[in-house]
Each structure stands twice: as structure tokens, then as C-alpha cells.
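Below: one structure, written as C-alpha cells.
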Amino acid sequence: MRGLLEKDFRLIAQRKQTLLMYAAIALMMAMTMDSAYIIGYTVSLCVLLAVGTVSYDEFDNGFLFLMTLPVDRKTYVDEKYLLCILLDLAGWCVATLIYCGIALAQGRMAEAAAELPTLASMMIPLTLGISVMLPIQLKYGAGKSHLALAVLFGSAVLVVVGVRRLILSGAASSLGERLSSLSPEAWVLALSAVSLLVLFGSYLWSRHIMEEKEF
Amino acid sequence: MVTIEGLKKQYGAFALDVSLEIPAGRITGLVGKNGAGKSTVIKALLGLIRPDGGKVTVFGKEAASLRAADRLKIGTALSNSGFSAYLKLEEVVRILAKFYPDFNETAFRRACEEMGLPFGKQLQHYSTGMKAKLRVLTALCHGAKLLVMDEPTTGLDVEARGEVLDSIRRYAAEHEDCSMLITSHIASDLEGLCDDLYLIHEGKILLHEDTDVLLSEYGLLRVDAETYARLDPRYLLSRRPEGNGYLCFTDQKRYYAENYPGILIEKGGIDDLILMMTSAEGRTLQ
Numbered sequence: 159m160r161g162l163l164e165k166d167f168r169l170i171a172q173r174k175q176t177l178l179m180y181a182a183i184a185l186m187m188a189m190t191m192d193s194a195y196i197i198g199y200t201v202s203l204c205v206l207l208a209v210g211t212v213s214y215d216e217f218d219n220g221f222l223f224l225m226t227l228p229v230d231r232k233t234y235v236d237e238k239y240l241l242c243i244l245l246d247l248a249g250w251c252v253a254t255l256i257y258c259g260i261a262l263a264q265g266r267m268a269e270a271a272a273e274l275p276t277l278a279s280m281m282i283p284l285t286l287g288i289s290v291m292l293p294i295q296l297k298y299g300a301g302k303s304h305l306a307l308a309v310l311f312g313s314a315v316l317v318v319v320g321v322r323r324l325i326l327s328g329a330a331s332s333l334g335e336r337l338s339s340l341s342p343e344a345w346v347l348a349l350s351a352v353s354l355l356v357l358f359g360s361y362l363w364s365r366h367i368m369e370e371k372e373f
Numbered sequence: 014m015v016t017i018e019g020l021k022k023q024y025g026a027f028a029l030d031v032s033l034e035i036p037a038g039r040i041t042g043l044v045g046k047n048g049a050g051k052s053t054v055i056k057a058l059l060g061l062i063r064p065d066g067g068k069v070t071v072f073g074k075e076a077a078s079l080r081a082a083d084r085l086k087i088g089t090a091l092s093n094s095g096f097s098a099y100l101k102l103e104e105v106v107r108i109l110a111k112f113y114p115d116f117n118e119t120a121f122r123r124a125c126e127e128m129g130l131p132f133g134k135q136l137q138h139y140s141t142g143m144k145a146k147l148r149v150l151t152a153l154c155h156g157a158k159l160l161v162m163d164e165p166t167t168g169l170d171v172e173a174r175g176e177v178l179d180s181i182r183r184y185a186a187e188h189e190d191c192s193m194l195i196t197s198h199i200a201s202d203l204e205g206l207c208d209d210l211y212l213i214h215e216g217k218i219l220l221h222e223d224t225d226v227l228l229s230e231y232g233l234l235r236v237d238a239e240t241y242a243r244l245d246p247r248y249l250l251s252r253r254p255e256g257n258g259y260l261c262f263t264d265q266k267r268y269y270a271e272n273y274p275g276i277l278i279e280k281g282g283i284d285d286l287i288l289m290m291t292s293a294e295g296r297t298l299q
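Chains S and X, in that order, are what the protein sequence lines are. With the working numbering as the guide, the letters of the first sequence map in order to residues 159 to 373. With the working numbering as the guide, the letters of the second sequence map in order to residues 14 to 299.
See below:
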């Protein structure tokens with residue numbers, strides 16, 4: 159696990175120039191835009207960087223060699239999820255610190271502090287992002303995963319539009335009323351629980367994918 | 014150390030059906046033409062593919078269930094795969110140190126310097142020979158008990174090949190209980206290194222022999238058609254037409270030397286073994 163983490167951090171560090179460019183954009187966003195953007199932007203980038211390490215592993219028959227190192231398939235999956243979560247948290251912390259630092263300089267720290275729970279709730283969609291992207295990247299590889307993700311997100315949009323129409327048409331009005339009566343805190347708690355469950359399911363699915371894989 | 018019993022794997026029309034054994038402290042060569050099944054055997058041994066049938070055991074465990082702790086004892090050099098080309102050797106050293114508790118960093122750095130591998134260059138800028146050297150050094154750097162090397166000298170010039178083979182020989186001498194499985198297209202590499210050889214063709218093992226026996230007992234008989242008609246066919250493994258006569262491959266060259274004085278007998282090597290045993294005509298005699 160330590161060797162895999164070392165490898166991935168070093169591979170991510172290879173993209174120094176890209177990382178610096180991302181950091182510059184994040185700073186500009188922090189100074190000029192709403193808080194949600196910088197947090198969402200930074201954490202999304204971190205997740206993409208972490209998931210992208212699978213492409214490095216896959217490139218040039220890399221998996222073949224990697225799986226001969228003292229690594230078993232379960233450890234490989236464990237490491238990828240750990241890396242994503244670590245980078246996800248690190249990205250969130252850095253972005254939040256930048257946001258708070260700028261808010262402090264602009265004299266609106268109290269406002270920024272009040273926003274922290276909302277900012278924390280942004281981890282939910284990003285956790286769902288990890289849950290979807292990692293197994294798809296492992297299953298389809300760098301080439302086909304883009305197509306698979308496009309199909310998946312397209313299907314998700316269709317489901318959301320379908321559910322919304324169902325609620326608006328009155329066919330599921332009681333469900334709509336019940337959902338709208340929930341407090342924001344209850345929503346965050348419920349969605350957090352759901353995203354953690356989805357993450358765990360995704361982890362089990364990834365393990366299954368790796369166990370089935372041949373190199 | 015390694016036992017493969019009735020390993021079966023089907024890829025379209027290609028069917029692998031192999032049994033072999035690598036005892037402790039033995040260096041075994043696996044030879045055969047391209048596509049004969051050498052890499053598939055290696056992948057099965059390392060648990061990288063799932064066999065359709067048969068059993069592959071390494072250190073007494075099913076290859077598919079090898080864990081990280083078991084893999085610590087295996088050193089691998091695969092011909093077409095290695096660390097990411099975006100890494101530098103200096104970074105590879107740090108990574109290896111994290112992977113292997115027994116990683117001998119000093120010896121590894123010294124060997125890399127001796128072989129002229131630059132530490133600050135990305136591996137994508139290494140020559141084919143440099144990459145091959147690094148793959149072998151990586152396999153030898155952590156005191157492995159089993160070495161699996163697929164074409165370890167591919168892409169190396171004569172001098173570099175000598176350096177790599179020397180490092181493998183040195184490792185074998187310093188680690189007497191270490192077993193090795195090596196494939197190579199270069200017969201002289203295997204002749205000077207292996208204790209025994211398996212010949213694989215179209216997914217089947219055609220022959221297993223000690224290298225000493227192969228080099229001392231096997232031979233090529235160059236005979237005209239008339240002499241060929243008189244030859245005792247019992248010890249002829251294969252033959253192919255050549256000019257007005259035949260080129261025959263035997264595992265009893267002394268028998269023919271004693272009973273057919275005057276016929277031309279040449280020493281048999283691994284190249285002859287592959288050529289004579291895997292040609293369509295050759296196999297008609299088996």
C-alpha cells in the first residue's frame with residue numbers, strides 16, 4: 159500500500175505545471191466568484207487527478223508489471239479509494255483555507271464561517287463522483303471509460319427529469335410533499351448516508367472488477 | 014517451488030495445456046517460438062490470468078491466491094512491462110524502498126551506476142537496452158526466492174547482454190535456494206544459464222531435458238538419402254529435407270557415431286532443438 163501511494167503521489171507530482179495552472183485558476187475564482195465554485199472546482203480536480211492514476215497504471219501494459227509487485231488486487235483497490243478520499247479531503251481543506259483567508263482579508267469572516275456546513279455538504283456529490291468514476295475506470299480503462307461515463311451521466315439526467323415530471327404531474331405528489339417538508343439538515347444527513355452507502359457499494363464493485371480482471 | 018499440473022487456457026483457437034516443475038535452487042528455461050504459450054505460462058504462474066483448468070502452485074499456494082507477502086519473495090522482469098515511463102530512476106528507487114522491506118538500496122544504486130542508468134532521466138527517455146537492464150535489476154534488488162524473467166536480454170547488445178547475464182548468474186550463486194524461470198530467444202543465453210529446459214510449442218510441452226544432456230547427447234545428423242534409409246529411426250526425434258539428403262535430430266548422437274561410422278554428426282543446441290522439433294516435418298517422427 160505504501161509503495162502504491164508513493165508511486166501515485168509521484169505520478170501526480172509529474173503534472174506540476176498543470177497543478178500550478180489549476181491553483182492559479184482556483185485563486186482567481188476565490189477572489190472573484192462565489193465560495194461554492196472554488197470548493198467544487200478544487201475538489202473535483204483532486205478527484206480527477208486521483209482517478210487519473212488508474213490511466214497511468216494501465217498505460218503501456220503497466221498493470222501487468224504492477225500486479226507482480228507485492229500488491230494484491232484488494233490492496234490495489236483499497237489504495238485507489240484511499241487516494242481519492244485523501245485527495246478529496248486535502249482539496250477541500252486547501253480550498254476552504256483559501257476561501258477563509260480571502261474572506262478574512264475582505265473582513266467577512268463571520269459570513270464565511272456560517273457557510274462552512276454548506277461547503278462541507280459539497281463533499282456529497284464528489285463522493286458520488288468517486289463512486290461512479292473509479293469502478294468505471296477500472297472496468298473499461300482510459301479509452302472506453304469516457305464513453306461509459308457519458309452514457310451513465312446521460313442516463314442519470316433522464317432519470318432525474320423523469321422523476322421530476324412524475325412529481326410535478328401529481329402521480330407522486332405525496333412523495334414530493336414529504337421530501338419538501340424535510341429540513342436542510344435532514345437532507346444533508348440523508349444524502350451523506352446515501353453517498354457513503356454508494357461509496358461502499360462502489361468499493362465492493364471495484365474489488366469484484368479487479369478480482370475478475372486478467373492482465 | 015513451482016508446480017504446474019495440467020494448466021489449461023483457451024484463447025480462441027489457441028489452447029494451452031502444460032505441466033512443468035521448477036524445484037528449489039534450479040534455473041529452468043522455457044523455450045519456444047513466438048506465440049507458443051511462454052508468456053501465458055508466466056502469467057498463470059504469477060496469478061495474472063485465471064486458468065481454465067489445472068493447478069498452478071507457487072511456494073505451495075495456488076497462484077491465484079498469492080498475497081502481497083508471497084509476492085515479496087518473487088522478482089519479475091517482463092519483456093514489455095515495467096514502471097511508468099513518466100517516472101525517473103531516482104523516483105523508482107524511492108518507490109521500491111516502500112514496496113520491499115529487504116530492498117538493498119546501496120547495491121541497487123551501485124548496479125544501476127555500473128550499468129550506466131541515469132537517475133535523473135524519465136524512463137520514457139531510456140533506450141530499449143536501458144529499460145531491459147532496469148527491469149532485471151528491479152527483479153534482483155530485494156532477495157527474491159523465485160525469479161521469473163521473460164526475455165530479460167531483449168534489446169541488449171552483446172556487451173550489455175553479458176552484463177545482465179553476469180548479474181543473474183551472480184545472484185544465482187549468492188542465493189542458492191533461489192529458483193528461476195527464464196524465457197529467451199537467444200539460445201546461448203539459456204545454454205550458459207539454465208539447469209534444464211522445457212520446449213513449448215502450440216501450447217504443449219514437447220520436451221523437457223537437462224541442459225547438460227541436451228548439449229552432450231543431442232545432435233544433428235547430416236545424411237544423404239541412401240544413408241537415411243539405413244538409419245535406425247528409433248532415436249531420431251525429427252528430420253527435414255536438406256539438399257539430396259536429410260538433416261536429422263537425435264537425442265542419442267553417440268549411438269549413431271558408434272554404429273554409423275563416417276556420418277556427419279554436429280553438436281545440437283537450443284536453436285536446433287526449436288527449429289527441428291517445431292517444424293511441421295520434424296513432428297511427423299514423434
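Quick reminder that beta carbons are idealized off the backbone N, C-alpha and C, glycines included. In this text the structure is predicted, and so the values were computed from the model without any measurement.
Query: Return the CA-CA distance between S:M368 and S:A344, expressed in angstroms with no decimal places.; Result: 36 angstroms
Query: Below 7 angstroms between beta carbons: does that hold for X:F96 and X:C154?; Result: no
Query: Can you find at least 3 beta carbon pairs, one from the segment 283 to 293 of chain S and one from the segment 348 to 357 of chain S, that sit closer than 8 angstroms?; Result: yes
Query: I'd like the span of the beta strand (DSSP E) that includes X:F262, first residue to last.; Result: G258 to T263
Query: Please tell me whether X:E104 has its Cβ less than 7 angstroms away from any Cβ of chain S.; Result: yes
Query: Find the residues of chain X that neighbour S:V229, judging by a C-beta separation of less than 9 angstroms, and give them in chain order.; Result: A81, R84 and F112
Query: In whole angstroms, give me the CA-to-CA distance for X:L206 and X:Y231.; Result: 18 angstroms
Query: Secondary structure at S:F223, three-state DSSP: helix, strand or coil?; Result: helix
Query: Kindly indicate if chain X contains any beta-carbon less than 7 angstroms away from that of S:T176.; Result: no
Query: Measuring alpha carbon to alpha carbon, tell me which of X:G50, X:L244, X:T119 and X:A37 ends up nearest X:A26.; Result: X:G50
Query: Whole angstroms are fine: how far does the CA of S:K165 sit from the CA of X:F132?; Result: 16 angstroms
Query: Please state whether the Cβ-Cβ distance between X:G45 and X:H221 is less than 7 angstroms.; Result: no
Query: Using a Cβ-Cβ cut-off of 7 angstroms, state whether X:G95 counts as contacting chain S.; Result: yes
Query: Assign X:L194 to one of three DSSP states: helix, strand, or coil.; Result: strand
Query: Of the residues that make up the segment 230 to 246 of chain S, which ones have a beta carbon closer than 7 angstroms to any beta carbon in chain X?; Result: D230 and T233
Query: Let me see if you follow: with CB-CB separation under 7 angstroms, is S:L222 close to chain X or not?; Result: yes
Query: Count the other C-beta atoms from every protein chain shown that fall within 10 angstroms of the C-beta of X:P274, then say buried if there are 16 or more, exposed otherwise.; Result: exposed
Query: Got a sec? Which residues, its chain only, sit under 8 angstroms from X:K101 by beta carbon, not counting five neighbours each side?; Result: F132, G133, K134, Q135 and L136
Query: With S:Q175 as the anchor, note down where its alpha helix (DSSP H) starts and where it stops.; Result: K174 to T190
Query: What residues in the segment 342 to 372 of chain S have a beta carbon less than 7 angstroms from any beta carbon of chain X?; Result: E372
Query: Run the CB neighbour count on X:T119, radius 10 Å, all protein chains shown included, and call it buried at 16 or more, exposed below.; Result: exposed
Query: Beta-carbon within less than 7 angstroms of X:E164's beta-carbon, same chain only, minus the 5 sequence neighbours each way: which residues are those?; Result: S92, T196, S197 and H198
Query: Could you check where the beta strand (DSSP E) with X:A185 kicks off and where it finishes?; Result: Run containing X:A185: none in the beta strand (DSSP E); it sits in the alpha helix (DSSP H), V171 to E187.
Query: DSSP state of S:D236, grouped into three classes?; Result: helix
Query: Cβ atoms of X:S32 and X:G42: under 7 angstroms apart, would you say?; Result: no
Query: Any idea what DSSP makes of X:D209, helix, strand or coil?; Result: strand
Query: So the alpha helix (DSSP H) X:M290 belongs to, where does it begin and stop?; Result: I283 to T291
Query: Find the nearest neighbour of S:D246 within the set S:Y199, S:L262, S:R336 and S:A263, judged by alpha-carbon distance.; Result: S:Y199
Query: Beta carbon of X:I17, beta carbon of X:V71: below 7 angstroms?; Result: no
Query: Would you give the residue range spanned by the alpha helix (DSSP H) that S:E372 belongs to?; Result: Here S:E372 belongs to no alpha helix (DSSP H), and DSSP marks it neither H nor E.
Query: Which residue or residues does DSSP assign as beta-bridge partners of X:T16?; Result: X:E34 and X:T70
Query: Check the C-beta distance from X:A57 over to X:A76 and give it rounded, since I have them as a contact under 8 angstroms.; Result: 6 angstroms
Query: Specify, as a first and last residue, the run of the beta strand (DSSP E) that X:E222 falls within.; Result: K217 to D223
Query: What residues are listed by DSSP as bridge partners for X:T89?; Result: X:V161
Query: CA-CA distance, S:K297 and X:E127?; Result: 41 angstroms
Query: Name the chain X residues that come within less than 9 angstroms of S:G161, Cβ to Cβ?; Result: I108, L109, A110, K111, F112 and Y113
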